[in-house]
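Below you'll find the structure, written out as structure tokens, and then a few comments.
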Amino acid sequence: MSSQRVSLKPWNTFGIDVYANNVIIVHSVESLFCNSWTNGVRQSEPVLLLGEGSNVLFLQDFRGKVLINRIKGISVTETTHTWLLHVGAGENWHQLVETTLCKGLAGLENLALIPGCVGSAPIQNIGAYGVELRQVCEYVDIILLNDGSHQRLKATECCFGYRDSVFKHRDKNHYAIIAVGLRLIKQWRPVLSHGALKMLNPKTVTPIQVFHTVCETRRSKIPNPKYIGNAGSFFKNPLVRASIAFNLLALHPKIPYHLNNNGDVVLSAAGLIDQCKLKGYRIGGAAVHDQQALVFINTGTASSEDIVNLARIVRRRVGEKFNIWLEPEVCFISSQGKIDALEVVR
Ligand code: FAD
Ligand code: EPU
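Using the UniProt record's numbering, the final residue of the sequence shown is 346, and nothing's skipped along the way.
Okay, structure coming up:
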């Protein structure tokens, strides 16, 4: 399917009304490579590959073509102890979580209700409720767009970190993720370390109960982008050296935090914003969500400028109060493609 001068409003969960020259839905690796991307690259027209647009902020009209990845397919094989899933990059992540659980394959339940496509999940190593993609990722298949060759990156080659991976640092014009391999351990062990999951009994709990608890918790705090435009957490949770963090926490004991594996402190960005009394703070059509301070919403009429201005003010207020300078999690897209979001909100 293709059309001319298309609104990107239905293609980004912030619901920003900007335009692209063209939107093309791609259903196969061949059409991604042959018909769409290479044409764009050869004609030096900017090309942007999107899944469901749930982690992007368009700053202006995109002066090129947008490819919507709908490369589908799920196949399952097994070994004695594991299930191995090979999943097309254009599959919907939450549907995959539901499908696997319905088939009795547990392991993805903590990652329920995260919007977006399977192929986007490795890019920022999606995570929630004590689990990150890296814990289940076996490999990521990519196509190199200069010559159409395929590569399989083992999980160790993906350099997964908190909201980070090798894919965040590769030139977007040179590769596309086409499939992801996941490994689920048959002997299921629940991860109940986070929030409401702590209330569940580890001896009797089922994967479906974890799934429902995660879905309920998420629905109670994060607005559904179908009704209220947003892109989830706008900033990352800041990682701070223990010596600095504990001085800060002595002065502001209400800021939620946890320790990471290296003994550094992860401060809650939502808590920092909340302490600045910014819940509900509004600029034009953009606002800080009143249930979850890390989520910025489009109240209906927000322009990307409103959202950027809100982000600048929130970042400055938090920085001036705590000397902690937040970094955006959301990808910013200019008229030509992805740009450094931190430079924009500084
Ligand atoms: P898009 O927004 O379409 O793309 C993101 C970036 O990846 C863009 O730069 C795009 O060009 C690039 N890209 C997309 N597909 C490909 C591909 N196949 N190959 C190469 N590059 C590609 N994230 C979490 O980690 N945890 C959460 O709990 C969470 N909760 C959220 C809740 C809400 C309500 C929302 C709106 C977002 C949330 N997110 C969360 C963020 C988001 O869901 C994830 O980042 C998701 O993986 C983005 O998927 P997408 O398909 O929408 O990516
Ligand atoms: N909190 C506040 N004020 C608020 C919201 C939360 O003080 O307005 C406190 C909570 O009470 C809690 C702490 O902050 O003690 C953390 O809150 P929450 O559990 O909601 O998680 P978060 O750190 O804000 C992260 C991820 C989410 C993920 C959740 C659940 C980041 C940037 N965000 O949010 O991911 O769903 O944990 O695991 O790491 C996303 O990436 O888009 C996203 C939504």
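For glycine and all other residues, C-beta sits at the position ideal for the given N, C-alpha and C.
Source: prediction; values computed, not measured.
Item                                                                                                                                                         : Value
Please return the same chain residues whose Cβ sits closer than 6 Å to the Cβ of Val191, not counting the five positions on each side in sequence.           : Asn110, Gly130 and Val131
Closer than 8 Å by C-beta to Thr99: which residues in its own chain qualify, once you throw out the five before and the five after it? Chain order, please.  : Ile74
Count the C-beta pairs between the region 281 to 301 and the region 245 to 259 that are closer than 8 Å, then say yes if the count reaches three, no if not. : no
Reducing DSSP to helix, strand and coil, say where Arg163 ends up.                                                                                           : coil
Nearest by alpha-carbon distance to Glu91: which of His27, Ser304 and Leu108 is it?                                                                          : His27
Measuring straight from C-alpha to C-alpha, what distance separates Phe167 and Ala311?                                                                       : 25 Å
Is Ile24 near the ligand FAD - that is, is its Cβ less than 7 Å away from at least one heavy atom of it?                                                     : no
Can you list, in chain order, the residues of its chain whose CB lies under 8 Å from that of Trp188, leaving out five sequence neighbours each side?         : Ala106, Gly107 and Pro207
Looking at the ligand FAD, does it come within less than 7 Å of Val140, judged from the CB to the closest heavy atom?                                        : no
What residues are listed by DSSP as bridge partners for Pro328?                                                                                              : Phe235
Compute every distance between the C-beta of Gln292 and the non-hydrogen atoms of the ligand EPU, then say whether any falls below 7 Å.                      : yes
Using a threshold of 8 Å, state whether the C-beta atoms of Leu85 and Leu153 are closer than that.                                                           : no
Helix, strand or coil: how does DSSP classify Phe322 here?                                                                                                   : helix
Nearest by alpha-carbon distance to Cys34: which of Leu59, Ala155, Gln209 and Leu67 is it?                                                                   : Leu67
Suppose you measure from the CA of Tyr266 to the CA of Leu272; what does that come to, to the nearest Å?                                                     : In the sequence on display, residue 266 carries Val and not Tyr. Approximately 12 Å, taken between the alpha carbons.
How big is the Cα-Cα spacing for Glu305 and Asn298?                                                                                                          : 11 Å
Report the residue from Ala179, Gln209, Ala270 and Asp290 whose alpha carbon sits nearest the alpha carbon of Cys102.                                        : Gln209
Determine the DSSP secondary structure at Ala121, reduced to helix, strand or coil.                                                                          : coil
When the Cα atoms are used, what is the spatial distance from Leu145 to Glu329?                                                                              : 26 Å
Count the other CB atoms within 10 Å of the CB of Thr79; is the residue buried (16 or more) or exposed (fewer)?                                              : exposed
In or out: Gln124 buried (at least 16 other Cβ within 10 Å) or exposed?                                                                                      : buried
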